[in-house]
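Below is one structure; the comments refer to it alone.
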Amino acid sequence: MNKKVISATVTPLLADGSLDKEGLCNILNRNIRHGLDGVFLFGSMGEWGSFSNAFKEEGVEVASDCIRKRMELLAGINATSLPLSLEIMKSYRKYDLDAYVFMPPARTSSLNPVRSVLKVLDAADRPVYLYHCPPNNGINFSLNDFAEMMRHPNLKGIKNSSSNMWLRRELLLMREEQGFKTLFFEGQEWAADEALFAGYDGMICGMGALCSKMMKKLASCADRGDVKGATAAQNNMIRLFHGVYGINIENCWNGQKYALQKLGLIATPFTIAQEMDSLTDAAKARIEKCLADMKEELD
Numbered sequence: 049m050n051k052k053v054i055s056a057t058v059t060p061l062l063a064d065g066s067l068d069k070e071g072l073c074n075i076l077n078r079n080i081r082h083g084l085d086g087v088f089l090f091g092s093m094g095e096w097g098s099f100s101n102a103f104k105e106e107g108v109e110v111a112s113d114c115i116r117k118r119m120e121l122l123a124g125i126n127a128t129s130l131p132l133s134l135e136i137m138k139s140y141r142k143y144d145l146d147a148y149v150f151m152p153p154a155r156t157s158s159l160n161p162v163r164s165v166l167k168v169l170d171a172a173d174r175p176v177y178l179y180h181c182p183p184n185n186g187i188n189f190s191l192n193d194f195a196e197m198m199r200h201p202n203l204k205g206i207k208n209s210s211s212n213m214w215l216r217r218e219l220l221l222m223r224e225e226q227g228f229k230t231l232f233f234e235g236q237e238w239a240a241d242e243a244l245f246a247g248y249d250g251m252i253c254g255m256g257a258l259c260s261k262m263m264k265k266l267a268s269c270a271d272r273g274d275v276k277g278a279t280a281a282q283n284n285m286i287r288l289f290h291g292v293y294g295i296n297i298e299n300c301w302n303g304q305k306y307a308l309q310k311l312g313l314i315a316t317p318f319t320i321a322q323e324m325d326s327l328t329d330a331a332k333a334r335i336e337k338c339l340a341d342m343k344e345e346l347d
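All residue numbers for the sequence shown refer to the numbering used here, where the first residue is 49 and numbers rise by one.
Here it is, written out as structure tokens:
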């Protein structure tokens, strides 16, 4: 089985905050050219909490029309409550997408997060990926919780962004011993090589809009059992991460968008999830140098 590479994409915006439709299509076509297996819209890197439902519907429609089944389209249905997530999922049914991605809302009530996941799985008209990200919502599932959710036929995969090596191995062992069919995807760029060699089925990473070629190279090395090549590709991804985001991740959203703008893919680096004044002249110079140094690895 080939290791799958899915981009958890940024959401390109025009200066007035509206969707950069041309920029989104440019990113998706570049990802397809680099051989990616899919794209995930409106995750954490996609600023899902910053946009209205109507805006997100527009993004799903534009992406669907652009992709035309050339790779998988995953659409995030994250919201501040379970009823809102179910409402978003229902509104997406008319679009040509392959799967939903759901992260349970943060613990602001006494709702059982496992039951929330199961309700989404029961209501889904197509496959669902679970986005497991304790740093975001504060929810840590037990192994029994995972087993209960993985028994559901609508759960296609889990994007594991917990940075927990113990959990990674426990899930792999549980899948083998209990015969589950759920796919596992690493969500952290700097741990992708370890996860793929351990047995993960692929990666869903937030730098996919920019470094899709690098991610695909890493996955190809893992498919061949080329540890040295995978390590080199992984280290290049970390260097790009440092150059674009900054060593302390001070330019996460606007840094990647600025890089994409400099590559001529999107119109502006504008982001809602981060103060734009953090994109200083020094940060821009750092990003531009990184792009120049890694030109061949990027395109």
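We put the CB at the ideal spot given by N, CA and C, even for glycine.
Report task. Following the continuous beta strand (DSSP E) through E234, name the residue where it begins and the one where it ends. Result -> Locating residue 234 in the sequence shown gives position 186, where the first residue counts as 1. Per DSSP, E234 belongs to the beta strand (DSSP E) from 231-234.
Query - Rounded C-alpha distance that separates S211 from Q236 - result: Here the question's residue 211 lines up with position 163 in the sequence shown. Here the question's residue 236 lines up with position 188 in the sequence shown. Roughly 7 Å separates the two Cα atoms.
Report task. Output the distance between the C-alpha atoms of D271 and A281, rounded to the nearest integer angstrom. Result -> Taking the sequence shown and counting its residues from 1, one reaches residue 271 at position 223. Taking the sequence shown and counting its residues from 1, one reaches residue 281 at position 233. Distance between the alpha carbons of D271 and A281: 13 Å.
Query raised in the report: Taking DSSP as the reference, what is the three-state secondary structure of E348?
Result: With the chain running from 49 to 347 in the structure shown, residue 348 is simply not present.
Query - Cross-strand partners of Y177 (DSSP beta bridge) - result: Mapped onto the sequence shown, residue 177 falls at position 129. DSSP, once it has assigned bridges, lists V149, G205 as partnering Y177.
Query raised in the report: Just curious, the beta strand (DSSP E) that K52 is in, first and last residue?
Result: Here residue 52 is taken as the residue at index 4 of the sequence shown, counted from 1. K52 -> beta strand (DSSP E) spans 52-56.
**Report entry** Check whether G83 and G124 have beta carbons under 8 Å apart
**Finding:** Reading the sequence shown from its first residue, position 35 is the one you call residue 83. Reading the sequence shown from its first residue, position 76 is the one you call residue 124. Their beta carbons are not under 8 Å apart, which means G83 does not touch G124 by this criterion.
Query raised in the report: Is DSSP giving C114 helix, strand or coil here?
Result: Residue mapping note: residue 114 aligns to position 66 of the sequence shown, counting from 1. C114 falls in the helix class under three-state DSSP.
Query raised in the report: Taking the runs of the beta strand (DSSP E) that are 3 residues or longer, which of them lie wholly in the region 243-307?
Result: 250-253
Query raised in the report: Secondary structure at A123, three-state DSSP: helix, strand or coil?
Result: Residue mapping note: residue 123 aligns to position 75 of the sequence shown, counting from 1. Note: A123 maps to strand in three-state DSSP.
Report task. Classify E213 as buried or exposed, calling it buried when 16 or more other Cβ atoms lie within 10 Å of its own Cβ. Result -> Within the sequence shown, residue 213 is the residue found at index 165, counting from 1. Glu is not the amino acid found at residue 213; the sequence shown has Met there. Flag for M213 reads exposed.
Query - Continuous beta strand (DSSP E) stretch holding F194: start and end - result: Here residue 194 corresponds to residue number 146 of the sequence shown, with the count starting at 1. That residue, F194, is in no beta strand (DSSP E); its alpha helix (DSSP H) goes 191-198.
Query raised in the report: Whose CA, out of K142, V110, G294, lies closest to the CA of L76?
Result: The residue labelled residue 76 in the question sits at position 28 within the sequence shown. Checked all of K142, V110, G294; the closest Cα to L76 is V110.
Requested in this report: Compute the beta-carbon to beta-carbon distance between A56 and G254, rounded to the nearest angstrom, for a pair I have assumed lies under 8 Å.
Outcome: On the sequence shown, residue 56 is found 8 positions in, with the first residue counted as 1. On the sequence shown, residue 254 is found 206 positions in, with the first residue counted as 1. The pair is a contact, with the Cβ atoms about 5 Å apart (cut-off 8 Å).
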